[in-house]
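J.:
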Amino acid sequence: MGLLIDTFGRVHTDLRISVTDRCNLRCTYCMPAAGVQFKPHEDILAFEEIQRLVRVAARLGVGKVRLTGGEPLVRRGVCRLVEMLAAVPGIHDLAMTTNGVLLAAYARELKQAGLHRVNVSLDTLDREKFSGIARRDELPNVLEGIAAAQRAGFSRIKLNAVAQRGLNEDDVVPLARFARERGFDLRFIEFMPLDGDRCWDAERVLPGEEILRLLADGVGPLEPVVEPDARVPATEYRFADGIGRVGVIASVSRPFCRGCGRLRLTADGRLQNCLFSPDEWETRPLLRTGVSDAQLAELMRRAVRAKRAERGVEGGWLARHERAMYQIGG
Ligand code: SAM
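See below:
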């Protein structure tokens, strides 16, 4: 069937699947506080439809799948989906990005279902600040979820923090200490213009370089991880004392498009070749009208062939997407 290669030679081996646009938090950088119009259930892909797309993608060389959302753990029966995807030949890395609120309840089941890795979003260890950012008082449940994932036997647990100037600079160092002490990897993500409230402002972006300076001053010297995998969007560092790794996803200040091999599938079945691209390829009407696997493969190839050089748009400027992060899948 051939591989998914774009016109710049980037081989696409990584598929991010949003399983729902619903979420049990309302993070200010992602979702509006109220009045969110969620997709009706019939517009969301069924597990069998997702599995079929993953089978086709795997035959085209996709080996990594990440489930995201919205919040993937609020989708009923998501462990069954994990089991279905873990069984697809060629999928060697099956991961989930979660806010951790329900992780304590699901960690064991997810592990048994065949999930390989889990990333948990955590922007602060301060309960009050957490409630301010997430608009829900859920920090204790998230921390319990992370501990449960560890007990369930997940290794390489990764914490993701969105860094914002004037909001959580003070949390950079405590988060790094927390992660180091427990053996978690930590990634800081620059605030991207994908918030439902449309309040993104360049002034609020805490650039990767500054995060690294805060870490070096507050925790200890960092050294770049040798032979960084260009396909990984973070720039990876380890603390010079050998304890702990941190990454910075500098999508705003230093985009990493050259190494991007990712394709995204929204919960309602649209393929996107970039978080920032307005272009979408609809799979749902095809899936529901008896399309062949060869036609689905062609659609994926078309989506990949149309990928722009940088940030999904001609010229590579940073565009605000019509959809917010929870509507695409982060
Ligand atoms: N609910 C899950 C979670 O919180 O991890 C998965 C979906 S969430 C959209 C995926 C990731 O996107 C999270 O780590 C979140 O912090 C990040 N994110 C959401 N909006 C963002 C934005 N505007 N800029 C940068 N990262 C963002």
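All residue numbers for the sequence shown refer to my numbering, where the first residue is 43 and numbers rise by one. Beta carbons are placed, not taken as given, at the ideal position from N, Cα and C, and that holds for glycine. These numbers were taken from a predicted model, which means no experiment stands behind them.
1) Should VAL204 be listed as close to the ligand SAM, given that the test is whether its C-beta is under 7 Å from any heavy atom?
2) What separation, rounded to the nearest whole angstrom, lies between the Cα atoms of THR110 and ALA292?
3) Taking 8 Å as the CB-CB limit, is GLY372 close to chain D?
4) Specify, as a first and last residue, the run of the beta strand (DSSP E) that MET138 falls within.
5) Using the Cβ count rule (16 or more neighbours within 10 Å means buried), how would you classify THR277?
6) Heavy atom of the ligand SAM less than 7 Å from the Cβ of SER173, yes or no?
7) State the Cα-Cα distance for the pair CYS72 and VAL162, rounded to the nearest angstrom.
8) May I ask you to report which of helix, strand or coil DSSP gives GLN337?
9) Would you report the Cα separation of GLU340 and LEU102, rounded to the nearest angstrom?
10) Less than 7 Å between the CB of LEU145 and some heavy atom of the ligand SAM, yes or no?
11) Assuming GLY112 contacts THR62 under a Cβ cut-off of 8 Å, what Cβ separation, rounded to an integer in Å, is found between them?
12) Going straight from the alpha carbon of ILE47 to that of ARG343, what length do you get?
13) Are VAL261 and PHE233 touching if we call contact CB-CB under 8 Å?
14) Count Cβ pairs between the region 80-96 and the region 142-152 that sit closer than 8 Å; are there 3 or more?
15) Taking GLN154 as the reference, give the member of LEU167, ASP168, ARG122 with the closest Cα.
16) Below 7 Å, is the gap between the Cβ of GLY112 and the nearest heavy atom of the ligand FAD?
17) Based on the DSSP secondary-structure assignment, which residues constitute the bridge partners of GLN154?
18) Rounded to the nearest angstrom, how far is the Cβ of CYS302 from that of ARG52, given a contact under 8 Å?
19) Would you kindly check if the distance between the Cβ of ALA203 and the Cβ of ASP165 is under 8 Å?
20) Excluding the five sequence neighbours on either side, which residues of its own chain have a C-beta within less than 6 Å of the C-beta of GLN314, listed in chain order?
21) Say yes only if the C-beta of TYR279 is nearer than 7 Å to one or more non-hydrogen atoms of the ligand SAM, and no if none qualify.
22) Quick one: is the Cβ of ASP237 within less than 7 Å of any heavy atom of the ligand SAM?
23) Need the endpoints of the alpha helix (DSSP H) that ASN183 sits in, please.
24) Suppose contacts are defined by Cβ-Cβ distances below 8 Å. Is GLY286 in contact with PRO74 by that definition?
25) From GLU251 to PHE230, what does the alpha carbon distance come to, in whole angstroms?
26) Over what stretch of residues does the alpha helix (DSSP H) that includes GLY250 continue unbroken?
27) Between LEU45 and the rest of its own chain, which residues show a CB-CB distance below 7 Å, the 5 nearest in sequence each way excluded?
28) Quick check: what's the CA-CA separation for ARG222 versus LEU360?
29) So TYR279 is in the beta strand (DSSP E); what residue range does that whole segment cover?
30) Kindly give me the distance between the Cβ atoms of ILE150 and ALA194, rounded to whole angstroms, as I take these residues to be in contact under 8 Å.
31) Can you find a heavy atom of the ligand SAM that lies under 7 Å from the Cβ of ASN141?
32) Tell me the residue span of the beta strand (DSSP E) that contains PRO266.
T.: Let me lay it out:
1) yes
2) 20 Å
3) Note that chain D does not occur in the displayed structure, where there is just one protein chain.
4) 135-140
5) buried
6) no
7) 15 Å
8) helix
9) 10 Å
10) no
11) 4 Å
12) 8 Å
13) no
14) no
15) ARG122
16) Looking for the ligand FAD in the displayed structure turns up nothing; the ligands present are the ligand SAM.
17) According to DSSP, GLN154 bridges with nothing at all.
18) 6 Å
19) yes
20) ARG306, GLU322
21) no
22) yes
23) 181-193
24) no
25) 11 Å
26) 250-260
27) VAL53, LEU102, GLY103
28) 33 Å
29) 277-281
30) Reading off the sequence shown, one finds Arg at residue 150, where the question assumed Ile. Confirmed, about 5 Å.
31) yes
32) 264-266
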